[in-house]
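Engineer: Below you will find the structure I want to go over with you.
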Amino acid sequence: MSTNKYESPLSSRYASDYMLELFSMDTRIKTWRKLWIALAQAEHDLGLPITQEQIDELQVHIDEIDYEFAKAKEKEVRHYVMAHVHTYGKVAPSAAGIIHLGATSCYVTDNADIILYRDALKYIRQEIIGVMANLADFADEYKAVPTLGYTHYQPAQLVTIGKRAAMWLQNFALDLEEIDFVIDHMKLRGAKGTTGTEASFMDLYEGDEDKIREMNRKIASTFDFEECYDISTQTYPRKLDSRILNVLSSIAQSAYKMAEDIRLLQHDRQLEEPFEKNQIGSSAMAYKRNPMRSERICSLSRYLMVDALNAPFTAATSWMERTLDDSANRRISMPEGFLCADAILRLCQNVTNGIHVNEKIVESTVREYLPFMATENLLMEAVKRGGDRQELHEVIRSCSMKATANMKEGLPCNLLSLLAEEPAFALNEEELEKVLDPTLYIGRSEHQVEEYLAKIRPILGGAEKADSEINL
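Quick note, the numbering used here runs 466 ahead of the 1-based positions in the sequence shown.
What follows is the structure, given as structure tokens:
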């Protein structure tokens, strides 16, 4: 790790080794070389004067990249791709004259980007499934445990802990649907020439359009794509970048929602994110247990949601057949978007793999507010015993105001004892308590979770648990 030069925290602290390697210079240049080999192989197969020996030599030397030579060559020719054409030709001299035949720079740069983005999306997909598997287990475990629901962050009707987790799970399931759509609809740019007209290949193949179509099919197949885009300019449609960053932003939105809920609940001591034995919560306040992983999820998610704005601007401002003002932006925004999504999901896996529920706190909170929520049921019970509905309603209103005033003074909720003292109610405190079974107030929460998990489990088969000791 360099200490005297800036290094992105996404690289040094947060992203996985897989994602860092995928977007490394080595992987990118090797992918370029694979694309040059695929082009040469297709051109050889279709009758152009390229020998199999030349292709074999390219294959043998694919990993030999002299970056110092490439750097010096770029300084000389002022062209990054051509510098690497010469660098490749240096180690494969018999093939030096046929590398990049008929192609434009975007043949390697754009096609390589699509390949890397496709592979990164597939990795992100597996990370989403890992988070979902953790949430599914958690939701199943707590599907019937009542907890206070909140609207406007004010006490509302009861839900269950598992139902709330199922809501987080469903958000990630929506992201999974979206990422599958993006992956399934990705196409390669192919070899289309400088403005997408394939004019250079019309010359090479002497006007044989079938050979050009077959060349592109061969190249696409080499990289496991079913087809190339029907229409391209010098670049692939930059709308693809928008699709990609949009789905990464969507993942960030789901992660943020879950993490912020956990932060609020940890404040109320109902839930806690994982906290290691020797973890320090504060350099000054030794007693603290801050939800720092959930806070980091929210922090990184904000960055990713804003990063996703880059692609729409680039797509919208691509003049005619191409402008280069997309290049520097995409070189930062696309890899950083993937690294950030990777970091967020690694954190999400870690948190969801070790959420701790303080059940006594949850139960206490439920019991504190349940008398207010049960007043309609209490009203019905009192009416069954001969009470007057309108008179009882006024009694409940009046007693509720008194109980609320007591609570504002820091006293326990005494609504039940106040009601028991009212002759109109004809119910003692013990009888009133029987109506306060929390499971009577959670609706279909338990069954909703069971039904949803039955639908989602098949998608999650074989998902691996995240390492709970991961240093995040």
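Note that CB positions come from ideal geometry on N, CA and C, so glycine has one too.
1. With DSSP as the reference, please indicate the residues paired to T493 in a beta bridge.
2. Below 8 Å on the Cβ atoms is my contact criterion, and I expect I862 with L845 to pass it. Report the Cβ-Cβ distance as a whole number of Å.
3. Check the DSSP bridge columns for P612 and list the partner residues they point to.
4. As a quick exercise: from R833, A890 and N872, pick the residue whose alpha carbon is nearest that of G853.
5. Return the bridge partner residues of P621 from the DSSP annotation.
6. Could you give the first and the last residue of the continuous alpha helix (DSSP H) run that contains C814?
7. F647: buried (16+ other C-beta within 10 angstroms of its C-beta) or exposed?
8. Spatial neighbours of Q700 within its chain, please: C-beta separation below 7 Å, excluding the five flanking residues on both sides.
9. Looking only at C-alpha atoms, which of A610, E802 and E899 sits nearest to T841?
10. How big is the Cα-Cα spacing for Q914 and R768?
11. If you reduce the DSSP assignment to three classes, tell me which class H733 lands in.
12. Taking Cβ to Cβ, would you say A781 is nearer than 7 Å to R704?
13. I need the DSSP call for M758, collapsed to helix, strand or coil.
14. Quick one: what's E738 bridged to in DSSP?
15. By how many angstroms is the C-alpha of V597 removed from the C-alpha of R591?
16. To the nearest whole angstrom, what separates the beta carbons of P612 and L624, a pair I think is in contact under 8 Å?
17. Suppose contacts are defined by Cβ-Cβ distances below 7 Å. Is G628 in contact with L714 by that definition?
18. Can you have a look at K956 and say buried or exposed, based on whether 16 or more other CB atoms are within 10 angstroms of its CB?
19. Just to confirm my understanding: we take I521, look at its own chain, exclude 5 residues before and 5 after, and list those with CB closer than 8 Å. What are they?
20. Mapping the DSSP letters down to three states, classify A764 as helix, strand or coil.
21. Assign T617 to buried or exposed, taking buried as 16 or more other Cβ atoms, counted over all protein chains shown, within 10 Å of its Cβ.
22. Taking 7 Å as the cut-off, decide whether the C-beta atoms of E664 and I678 are in contact.
23. Does A622 pass the burial test, meaning 16 or more other C-beta atoms within 10 Å, or should it be called exposed?
24. Does the Cβ-Cβ distance between E895 and H822 come in under 7 Å?
25. Excluding five sequence neighbours on each side, which residues of the same chain lie with their C-beta closer than 6 Å to the C-beta of R709?
Structural biologist: Reading from the atomic positions:
1. In the DSSP secondary-structure assignment, T493 is not bridged to any residue.
2. That belief holds up - the Cβ atoms of I862 and L845 are roughly 6 Å apart, short of 8 Å.
3. In the DSSP secondary-structure assignment, P612 is bridged to T626.
4. Comparing alpha-carbon positions, the option among R833, A890 and N872 lying closest to G853 turns out to be A890.
5. According to DSSP, P621 bridges with Y616.
6. Unbroken alpha helix (DSSP H) run through C814: S793 to T818.
7. With fewer than 16 other Cβ atoms within 10 Å, it is exposed.
8. Excluding sequence neighbours, Q700 sits near T570, C572, T660, T661, G662, E787 and R788.
9. T841 has its Cα closest to that of E899, out of A610, E802 and E899.
10. As the crow flies, the alpha-carbon of Q914 is around 31 Å from that of R768.
11. Assignment of H733 by DSSP, reduced to helix, strand and coil, places it in the helix class.
12. Yes.
13. Reduced to three states, the DSSP call for M758 is helix.
14. Per DSSP, H822.
15. Inter-residue distance for R591 and V597 is about 10 Å (C-alpha atoms, whole angstroms).
16. Confirmed, Cβ separation roughly 5 Å.
17. Contact: no.
18. Lying outside 467 to 938, the shown extent of the chain, residue 956 is not represented and no answer is given.
19. Contacts found: I503, A506, Q507, H510 and A561.
20. The amino acid occupying residue 764 in the given sequence is Cys; Ala does not appear at that position. If DSSP states are grouped into helix, strand and coil, C764 belongs with the helices.
21. Under this definition T617 is an exposed residue.
22. With respect to the 7 Å criterion, E664 and I678 are classified as neighbours on the basis of their beta carbons.
23. Here A622 is exposed, its C-beta having fewer than 16 other C-beta atoms within 10 Å.
24. Their beta carbons are not under 7 Å apart, which means E895 does not touch H822 by this criterion.
25. Cβ neighbours of R709 beyond the five flanking positions: V648.
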